[in-house]
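Below is one structure, written out as structure tokens; comments come after it.
Residue numbers (the numbering used here): 554 to 969.
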């Protein structure tokens, strides 16, 4: 009897080991199949994102390019001109930078902090290469360019001493460090980023609200219509995806411009006079109209997928119990569609805050968003660190919104 029990236990343990081995094998196969997707995600998203994060906080241009100057500035009080040894250290660093051909990058980085330093540094470095001083370095620098006697010049050097700093993030929200190290706001005429951030979030929220108001009835109509009519309406919703974004945006320019179709129609109907045509393009209104049209399908489709999963029995049961149709809709149907509303609104908002091509084409001066200034820093000013900080702030806002959605609806609703 004991031998039989032992044999059964041994067989059970053997079966358990075989099952565990089989599961591990299946898991390895699954991971192998998912490996291309993980690699694609790593190289196209995680790696670039980590590089952007690094750019936003790490800038060794001054720390590595002017090491003696950085060390000498540690004893500077922050007011007045630095000590003679600092000028001596800067002379040595600029001579070596000229030999290493890094004066240009150093000058460009300092010029971002204090306009005009690019020409002063390149001119001084050139004179140092031709006739370097042997003593009285501060006097030599002041003769080379008066900018070396200004406190703002050395404040710019002092702010860039460390390779890792939050300077780009401060600049992204129109802040800076004073000579004493305290954080202060930049002059009002230079506060462009906070204005663009405010406008960007205002446009994103407005476009999201318009998509909810316009998209909810459309999704409800598609979900409650017959199969044939619903299929036809779905085709019309998907039709913009089959048309180039540039073509759709250009179409709105044709419709909304002063001599466009809509203004011609209003003049023909006598609503407005020919000399009082309404300007609906190259401003904030044009941005809102074009972006709402482009992003509307991104709200309708997630909401429609939720609506078709709601059984019509709920509404019929509520009405059979005496509830008015609108009351049944508001208390029964609408709450069940909130996950779809949330996922569609989140998707529209995420796309809206980072939109670039449409505001660039139809926005004009008053319709530009933060994405346009990011493109400017990447392509024109070449201030990639500031562009990275602006992009990371947008990403941080999106992550906060995702966390809020996950808190109230759950991430699985967004995936579904």
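We put the CB at the ideal spot given by N, CA and C, even for glycine.
Can you look up residue 950 in the DSSP assignment and give me helix, strand or coil? For this step, residue 950 is matched to residue 397 along the chain shown. Looking at residue 950 - three-state DSSP - the assignment turns out to be helix.
Give the secondary structure of residue 703 by DSSP, where H, G and I count as helix, E and B as strand, and everything else as coil. If you number the chain shown from 1, residue 703 lands on position 150. In the structure shown, residue 703 sits in coil (DSSP, three-state: anything other than H, G, I, E or B).
How would you write the range of the beta strand (DSSP E) that residue 729 sits in, first residue to last? What you label residue 729 is simply residue 176 of the chain shown in a count that begins at 1. From DSSP, the beta strand (DSSP E) with residue 729 extends over 728-730.
Which of the three DSSP states, helix, strand or coil, is assigned to residue 626? Taking the first residue of the chain shown as 1, we reach residue 626 at position 73. Helix.
Can you give me the Cβ contacts of residue 775 inside the same chain, cut-off strictly under 7 Å, excluding the 5 residues immediately before and after it? Walking along the chain shown from the start, residue 775 turns up at place 222. Cβ neighbours of residue 775 beyond the five flanking positions: 783, 786, 787 and 857.
For residue 663, count neighbouring Cβ atoms within 10 angstroms of its own Cβ and tell me buried if that reaches 16, exposed if not. The residue labelled residue 663 in the question sits at position 110 within the chain shown. Residue 663 should be labelled buried.
Which residues share a DSSP beta bridge with residue 738? On the chain shown, position 185 is the one that residue 738 refers to. Paired residue(s): 728.
Count the other CB atoms, across all protein chains shown, that sit within 10 Å of the CB of residue 711; report buried if there are 16 or more and exposed otherwise. Your numbering for residue 711 matches position 158 in the chain shown. So residue 711 counts as buried.
Go ahead and pull the three-state DSSP assignment for residue 835. If you number the chain shown from 1, residue 835 lands on position 282. In the structure shown, residue 835 sits in coil (DSSP, three-state: anything other than H, G, I, E or B).
Per-residue DSSP class, three states only, for residue 717: Here residue 717 is taken as the residue at index 164 of the chain shown, counted from 1. Strand at residue 717.
Backbone secondary structure at residue 604 - three-state DSSP: Residue 604 sits at position 51 when you count from the first residue of the chain shown. DSSP places residue 604 in helix when its eight states are reduced to three.
If contact is defined by three or more beta carbon pairs under 8 Å, each pair taking one atom from either stretch, is the segment 900-911 in contact with the segment 846-861? yes
Among the residues of its own chain, which have a CB less than 8 Å from the CB of residue 636, if the five just before and after it don't count? Counted from its first residue, the chain shown places residue 636 at position 83. 625, 628 and 629.
Between the CA atoms of residue 603 and residue 586 - distance to the nearest angstrom: Sequence index remark: in the chain shown, residue 586 carries index 33 (1-based). Sequence index remark: in the chain shown, residue 603 carries index 50 (1-based). Rounded to whole angstroms, residue 586 to residue 603 spans 25 Å at the Cα level.
The segment 826-845 in contact with the segment 910-920 per 3-pair CB rule at 8 Å: yes
Quick one: grab the DSSP three-state call for residue 550. Nothing in the structure corresponds to residue 550, since the chain is present only between 554 and 969.
Would you say residue 943 and residue 953 are within 8 Å of each other, going by their C-beta atoms? Residue mapping note: residue 943 aligns to position 390 of the chain shown, counting from 1. Residue mapping note: residue 953 aligns to position 400 of the chain shown, counting from 1. No.
State the CB to CB distance for the pair residue 854 and residue 790, rounded to an integer number of angstroms; the pair is presumed to be in contact (CB under 8 Å). On the chain shown, position 301 is the one that residue 854 refers to. On the chain shown, position 237 is the one that residue 790 refers to. Residue 854 to residue 790, Cβ: 7 Å. Contact.
Any idea which residues DSSP pairs residue 908 with across the strands? The sequence position of residue 908 within the chain shown is 355, counting from 1. According to DSSP, residue 908 bridges with nothing at all.
With a threshold of 6 Å on Cβ separation, who are the neighbours of residue 713 within its own chain once the five nearest residues in sequence on each side are excluded? If you number the chain shown from 1, residue 713 lands on position 160. Hits under 6 Å: 615.
Give the single residue among 861, 911 and 694 whose Cα lies nearest to the Cα of residue 780. Indexing the chain shown from 1 puts residue 780 at position 227. When each option's Cα is compared against that of residue 780, the closest is 861.
Do the CB positions of residue 699 and residue 644 come within less than 8 Å of each other? The sequence position of residue 699 within the chain shown is 146, counting from 1. The sequence position of residue 644 within the chain shown is 91, counting from 1. Their beta carbons are not under 8 Å apart, which means residue 699 does not touch residue 644 by this criterion.
Complete runs of the alpha helix (DSSP H) confined to the segment 739-785 [at least 4 residues]: 746-777
Please work out which residues of its chain come closer than 6 Å, Cβ to Cβ, to residue 867, disregarding the five sequence neighbours upstream and downstream, and give them in chain order. Residue mapping note: residue 867 aligns to position 314 of the chain shown, counting from 1. Cβ within range, chain order: 885.
Where does the unbroken alpha helix (DSSP H) through residue 819 begin, and where does it stop? On the chain shown, residue 819 is found 266 positions in, with the first residue counted as 1. Here the alpha helix (DSSP H) through residue 819 covers 814-821.
Taking the Cβ atom as the reference point for each residue, do residue 618 and residue 655 lie within a distance shorter than 8 Å? As a working mapping, residue 618 is identified with position 65 in the chain shown. As a working mapping, residue 655 is identified with position 102 in the chain shown. Cβ atoms of residue 618 and residue 655: closer than 8 Å.
Report the rounded CA-to-CA distance for residue 951 versus residue 577, giving the unit in angstroms. Here residue 951 is taken as the residue at index 398 of the chain shown, counted from 1. Here residue 577 is taken as the residue at index 24 of the chain shown, counted from 1. Going by the C-alpha atoms only, they are around 37 Å apart.
Where are the beta strand (DSSP E) runs, 3 residues long or more, that stay fully inside the segment 866-928, in chain order? none
Counting C-beta neighbours from all protein chains within 10 Å, is the total for residue 938 16 or more, i.e. buried, or is it exposed? Stepping through the chain shown from its first residue, residue 938 is reached at position 385. Looking at its Cβ environment, which holds 16 or more other Cβ atoms inside 10 Å, residue 938 is buried.
Would you call the CB atoms of residue 651 and residue 681 closer than 8 Å? On the chain shown, position 98 is the one that residue 651 refers to. On the chain shown, position 128 is the one that residue 681 refers to. In contact: residue 651 and residue 681 (Cβ atoms closer than 8 Å).
Within the same chain, show all residues whose beta-carbon is closer than 8 Å to that of residue 661, passing over the 5 residues directly before and after it, in chain order. Walking along the chain shown from the start, residue 661 turns up at place 108. Closer than 8 Å at the Cβ level, and outside the excluded window around residue 661, lie 671 and 935.
For residue 923 versus residue 796, is the C-beta spacing smaller than 8 Å? Counting from 1 along the chain shown, the entry for residue 923 is found at position 370. Counting from 1 along the chain shown, the entry for residue 796 is found at position 243. In this structure, residue 796 does not lie closer than 8 Å to residue 923 by Cβ.
Is it buried or exposed, residue 658, if we count other Cβ atoms within 10 angstroms and call 16 or more buried? As a first step, residue 658 is located in the chain shown; it is residue number 105 there, counting from the start. That one is exposed.
Taking C-beta to C-beta, are residue 920 and residue 840 nearer than 8 Å? Locating residue 920 in the chain shown gives position 367, counting from the first residue. Locating residue 840 in the chain shown gives position 287, counting from the first residue. The answer is yes: Cβ separation under 8 Å.
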